Amino acid sequence: MVKAIVGANWGDEGKGKITDMLAQDSDIIVRFQGGANAGHTIINNYGKFALHTLPSGVFYDHTTSIIGNGVALNIPVLFNEIKEIVDKGVPAPKILVSDRAQMVMPYHILFDQYEEERLGGKSFGSTKSGIAPFYSDKYAKIGFQVSELFMEEKELKEKLERVLAQKNVLLEHLYHKPLMDVDDIYNTLMEYKEMVEPYVCNVSAYLDKAIKEGKNFLLEGQLGTLKDPDHGIYPMVTSSSTLAAYGAIGAGIPPYSIEKVITVCKAYSSAVGAGAFVSEIFGDEAQEMRVRGGDGGEFGATTGRPRRMGWFDCVASRYGCRLQGTTDVAFTVVDVLGYLDEIPVCVGYEIDGEVTTEFPVTHQLEKAKPVLEVLPGWKCDIRGIKKYEELPENCRNYIEFIEKHIGYPITMVSNGPGREDIIYRNI
Ligand code: GDP
C-alpha cells in the first residue's frame, strides 16, 4: 500500500515524526518534492536529527530511502547528511536517487541570495537554498538531471556553456557579481558525480516492481498545502507542489496507487517567511508558545529563525486537508497547549464585513480578520497518555471541536515528539 504523509498548513506540522513512526511498518520511503530548504526534526534512540534531504525513514535497517525525480537534489547536502547519521551510529541506510532528479547547481544558491538581496524589503524570505532558481531552470528546460553527470565530457560542457552564457549576463548586468566559468562548474559536477554514483537508480522502474510485489511505501511531503504554488498563498509559496497528488509525479508512480493520504495538522499554527497569516499572535503571547512549541521551540530546522505563531486555523486547515485529499488527519503537538487557561481557535475569516469559512485567494486573504472561538484549556501534561479516553475532557473537546470544523477524521493524536508518543483513534 502507498500512503502519502503531507502537511495541511504552512509546514513544520510534524510530518517527520509521523513518517519516522509509520516507517516501522514500511519498506520504502520516498521524498517526492522540495529540497534542502526545509527540514524535519526527528528524535529517536540514536539521538536528535535535522534532516533536510534524506527521507525520515533512514533510521531503520529494513527500509529503502528514495530521492524521487521531483526533488531539488543538493548532492553535497545529501552526502553530508548520510555521513552525519552514519557518524552518529545509525547503520548505513539503503538510499536510491532517481536518475531523473535534477540537481541544485552551485549557482542556484548564489542566484537565490543575490535575488533576495536585490529585492531588499520586498524579498520572499527565502531560505536561500537555491530552490526557486532551481525550479525556474527546471521548467525553463535548462536544468541538469543526475543522469547528465554520466554524459560525455564534451556534451556536458557544451550544455554548460549554453546555460552559463545566460546566467553570466544576469550576473554581470543585474547582480554585478563575479562571472562563472564552464570548467569550474564542470569540475564541481564531477565531484557531485563521485558522491552520487553509488545511489543512482531508475526509481520509477524500481517502484513499479515494488508496487507489484505489494510493498508498503510512504511518500513524504515537505511543507504544506498553503505553500503549494497553485493552491497556496501565492507568491509566498514554495516552488514545487506540496500536495499528495504530486507524490505520484515526483516519485514516478500511478496516481491511483496512493491509497491513503495522512495529512498532518498541528494543534496550533506556525509559519515561516512572509505572507498573510490570519490567526497570527504577537509579542509575549507568541513568544511563550514559540518557546514551548514543538520539541525545543518553534525555530527553523534549517535556518534557526523564529517561526511566526498563531492559534489553530480551521479555515486554512479544512482547505489544506481538502486539497490534500485527506483520508486521515494526524493531529500533532497537542501536549504543548497544556499551559493555556483558554485556547482561542480561528473558525472563520471576516473579509470586508462578511464572515466566510472558505479559504480565499491571496489578495482577499490579506484583508481577512480571524473570527475566534475560545475553548477551555486542560491545564495539565498529557505526555505519556496512550489511550484517547484517558485524555482530559477539555483536551478531547478541543480535538473533536477541530475535527468537526475541518471535516476530516483525526485518527492519530501526537502527544510528544518521540515515536511512541501517539494515540490511535478508531473512528
Ligand atoms: P515537519 O517539517 O513537518 O516534519 O516538522 P518539523 O520537524 O519542522 O517540526 C515539528 C517539530 O515538532 C519537531 O521538533 C518534532 O520533534 C516536534 N514534534 C512532532 N510531533 C510532536 C508532538 O506531538 N509533541 C511535541 N511536543 N513535539 C512534536
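Residue numbers (this note's numbering): 114 to 540.
All C-beta atoms in this analysis are idealised placements derived from N, C-alpha and C, irrespective of residue type, glycine included.
Small disclaimer: the values here were computed from a predicted structure and weren't measured.
Skipping 5 residues on each side, what residues in its chain have a beta carbon closer than 8 Å to that of residue i?
i	result
residue 241	222, 225, 226, 229
Cutting at 7 Å between CB atoms, please list the residues of its own chain near residue i, excluding the five before and the five after it.
i	result
residue 315	212
residue 388	346, 349
residue 452	405
residue 329	114, 138, 139, 140
residue 159	172, 201, 202, 203
residue 304	none
residue 430	121, 122, 378, 519
residue 403	410, 411, 419, 420, 422
residue 532	133, 134, 157
Would residue i be called buried (16 or more neighbouring beta carbons within 10 Å of its own) or exposed?
i	result
residue 204	exposed
residue 296	exposed
residue 232	exposed
residue 493	exposed
residue 252	exposed
residue 421	buried
residue 174	exposed
residue 530	buried
residue 470	exposed
Can residue i and residue j be called in contact, C-beta distance under 9 Å?
i	j	result
residue 171	residue 142	yes
residue 377	residue 120	yes
residue 198	residue 217	no
residue 55	residue 337	With the chain running from 114 to 540 in the structure shown, residue 55 is simply not present.
residue 541	residue 192	What is shown of the chain runs 114 to 540, which leaves residue 541 out entirely.
residue 418	residue 425	no
residue 83	residue 514	This structure cannot speak to residue 83, because the chain is shown only from 114 to 540.
residue 433	residue 395	no
residue 436	residue 490	no
residue 206	residue 176	yes
residue 535	residue 500	no
residue 331	residue 168	yes
residue 407	residue 125	yes
residue 474	residue 484	no
Does DSSP classify residue i as helix, strand or coil?
i	result
residue 493	coil
residue 436	helix
residue 370	helix
residue 382	strand
residue 150	coil
residue 469	strand
residue 296	helix
residue 340	helix
residue 176	coil
residue 428	helix
residue 419	strand
residue 361	helix
residue 328	coil
residue 498	coil
What are the residues that DSSP puts in a beta bridge with residue i?
i	result
residue 183	None; residue 183 has no bridge partner.
residue 537	525
residue 215	185, 258
residue 457	487
residue 157	160
residue 313	210
Below 6 Å CB to CB, which residues in the same chain sit around residue i once its five sequence neighbours on both sides are set aside?
i	result
residue 162	155
residue 477	464
residue 440	373, 374
residue 128	118, 120, 377
residue 428	462, 470, 472
Does the ligand FAD have even one heavy atom less than 8 Å from the beta-carbon of residue i?
i	result
residue 335	For the ligand FAD, the structure offers nothing, since it holds only the ligand GDP.
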